[in-house]
Amino acid sequence: MSEPDPRCVAVIGLGYIGLPTAAVLATHGVRVVGVDVSDRHVDAVNRGHVPFVEPDLATQVAGAVSQGLLSAQSETPHATTYIVAVPTPFKDGHRADLSFIDAATDAIIPQLRGGELIILESTSPPGTTEHVATRVLGSRPDLSLDGSGGRPVVQFAHCPERVLPGRIMVELITNDRIIGGLTPDAAERARDLYAVFCRGELHLTDTRTAEMAKLTENAFRDVNIAFANELSVIAERLGIDVWELIELANMHPRVNILQPGPGVGGHCIAVDPWFIVDAAPEQANLIRTARQVNDGKPEHVLARAVDAAREHEAPVIAALGLAFKPNVDDLRESPSLHITAELARRLPEARIMAVEPYIATAPDVLAGLDNVELAQTERAISSADIILLLVDHAQFKTINTADLAGKVVIDTRGILRHRTPPILGGDGANPLDRLTRARR
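Rendered as structure tokens:
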């Protein structure tokens, strides 16, 4: 195989962030080689296809591949710029697992000749870009950060993604970007690359601040979601419809409460705040508590579903939605998927009909459970004794009210609350009836 164009950008990791980044660079005229350990992803991209659902991505990938500006392979090539967009999960103790970043870095190291820019896009704890630089320069003493001793320079920057699944191809272009460099030159060079496609403002800083900025954005949202989730549990205890409560409270000009749900999922909000807690465990008390509240919400939902199932000898439960958010196929850290799998384990006598319109086959965590099947919405609802609404996919918002008659409905998203008496978020009773019971 001939060596790729040395002026190209190599994007390491063709997942939910790497592939869109590669595609948008390529459609703006940059020669891009995508690198991934998954043969499925590599083969899909080289055919001009995409291996997951993201609006408008397929069109851009197909166009870039047909123009010869985007290709994919499993081996890391030599390139002028490397963008590392690999996963950063956490391991035991909620500590960051940097093994994917380390593997990507180790594959880049032999290709370096001097003059390259390595950009870390993976969401990372403060100091990770420095860790990458230390790993590179420790293996390559012939290179340097500043040209000292006449050695060629390698530059390092951090540019965290800040896009919303389902809107990635829009927000990659329109959102502001934060770019941190280990040196001012590195930040400016990274800025020049992102300026090729980004119409938002490009804000320059150092790498640690850039890393912390992304974590801060997600921790802010996590804390606010935790408030809504805790409020939903309190409202349920008091027999109040939490969605009506939030709607009324939000009429105050300085109040903007978010919506509760069955928990928090996705690779960002469910993970990133723990990186702050790990970096400053004695100071991050509020952030830790918010994570614990949100991590505890699935158990609360499970308890309600199990209680409802005890009223049936062999209950059929329709679990509507497995993704971590509406209208995507992304199952990463999904509380809905966890709830569905755990229900099947706790209720072996039950039949769980899992509905996820954005996937064709059951994920591995469900595939080994004999009492779980992937089903279509209509069949699941007609067969079910209990309907557990977990994700507010657009198609679930069109469910016919008549189809819910006589069924127990546990609505964690509030989209069926005007159609049936809600179980989560209120007891469904008339306040005067509650008062009458209390007087007795």
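If you use our numbering, the sequence shown corresponds to residues 440 to 879, in order. Where is the CB? At the ideal position from N, CA and C, for every residue including glycine.
Backbone CA spacing between residue i and residue j [nearest angstrom]
i: residue 896; j: residue 565; result: The structure shown does not extend to residue 896, since the chain spans only 440 to 879, so no value can be given for it.
i: residue 685; j: residue 730; result: 21 angstroms
i: residue 699; j: residue 681; result: 8 angstroms
i: residue 616; j: residue 650; result: 12 angstroms
i: residue 548; j: residue 727; result: 36 angstroms
i: residue 449; j: residue 528; result: 22 angstroms
i: residue 770; j: residue 803; result: 11 angstroms
i: residue 469; j: residue 533; result: 38 angstroms
i: residue 747; j: residue 775; result: 17 angstroms
i: residue 499; j: residue 659; result: 32 angstroms
i: residue 723; j: residue 579; result: 37 angstroms
i: residue 638; j: residue 613; result: 5 angstroms
i: residue 582; j: residue 486; result: 37 angstroms
i: residue 445; j: residue 519; result: Because residue 445 carries a pLDDT of 48, less than 50, the predicted location of this residue cannot be relied on, and the following value inherits that uncertainty. Residue 445 and residue 519: Cα-Cα distance of roughly 6 angstroms.
i: residue 537; j: residue 526; result: 8 angstroms
i: residue 588; j: residue 640; result: 37 angstroms
i: residue 653; j: residue 837; result: 36 angstroms
i: residue 535; j: residue 777; result: 21 angstroms
i: residue 524; j: residue 600; result: 9 angstroms
i: residue 815; j: residue 630; result: 46 angstroms
i: residue 465; j: residue 643; result: 24 angstroms
i: residue 507; j: residue 576; result: 33 angstroms
i: residue 457; j: residue 749; result: 46 angstroms
i: residue 463; j: residue 720; result: 38 angstroms
i: residue 628; j: residue 704; result: 34 angstroms
i: residue 687; j: residue 672; result: 17 angstroms
i: residue 497; j: residue 799; result: 18 angstroms
i: residue 510; j: residue 475; result: 11 angstroms
i: residue 531; j: residue 852; result: 30 angstroms
i: residue 697; j: residue 667; result: 6 angstroms
i: residue 451; j: residue 795; result: 30 angstroms
Where residue i sits in the DSSP three-state scheme
i: residue 512; result: strand
i: residue 739; result: helix
i: residue 832; result: coil
i: residue 714; result: helix
i: residue 594; result: strand
i: residue 472; result: strand
i: residue 495; result: coil
i: residue 620; result: strand
i: residue 825; result: strand
i: residue 708; result: coil
i: residue 848; result: strand
i: residue 643; result: strand
i: residue 502; result: helix
i: residue 601; result: coil
i: residue 896; result: Examination of residue 896 is not possible in this model, given that the chain is present from 440 through 879 alone.
i: residue 634; result: coil
i: residue 808; result: coil
N- and C-terminal bounds of the beta strand (DSSP E) containing residue i
i: residue 523; result: 520–523
i: residue 646; result: No beta strand (DSSP E) contains residue 646, which is instead part of the alpha helix (DSSP H) from 646–677.
i: residue 449; result: 448–451
i: residue 697; result: Element bounds for residue 697: n/a, residue is neither H nor E.
i: residue 812; result: 811–813
C-beta contact flag for residue i and residue j at 8 angstroms
i: residue 824; j: residue 846; result: yes
i: residue 761; j: residue 827; result: no
i: residue 585; j: residue 592; result: yes
i: residue 492; j: residue 797; result: yes
i: residue 460; j: residue 522; result: yes
i: residue 741; j: residue 772; result: no
i: residue 505; j: residue 481; result: no
i: residue 567; j: residue 559; result: yes
i: residue 646; j: residue 570; result: no
i: residue 820; j: residue 842; result: yes
i: residue 473; j: residue 484; result: yes
i: residue 767; j: residue 791; result: no
i: residue 603; j: residue 572; result: no
i: residue 712; j: residue 657; result: yes
i: residue 732; j: residue 669; result: yes
i: residue 574; j: residue 544; result: yes
i: residue 880; j: residue 745; result: An answer regarding residue 880 cannot be provided, because it is not within the stretch 440 to 879 covered by the chain.
Delimiting residues of the alpha helix (DSSP H) encompassing residue i
i: residue 690; result: Careful: residue 690 lies outside any alpha helix (DSSP H) and carries neither H nor E.
i: residue 482; result: 478–485
i: residue 607; result: 607–613
i: residue 458; result: 457–465
Interface flag, residue i vs chain B, CB-CB below 8 angstroms
i: residue 800; result: Included in the structure is just one protein chain, with no chain B present.
Could you name each continuous beta strand (DSSP E) segment of 3 residues or more that falls completely within the region 720–803, going from the start of the chain to the end? 755–759 and 790–794
Any alpha helix (DSSP H) of 4 or more consecutive residues that is wholly inside the region 512–589: If we require 4 residues or more, the alpha helix (DSSP H) runs fully inside the region 512–589 come out as 538–547 and 567–578.
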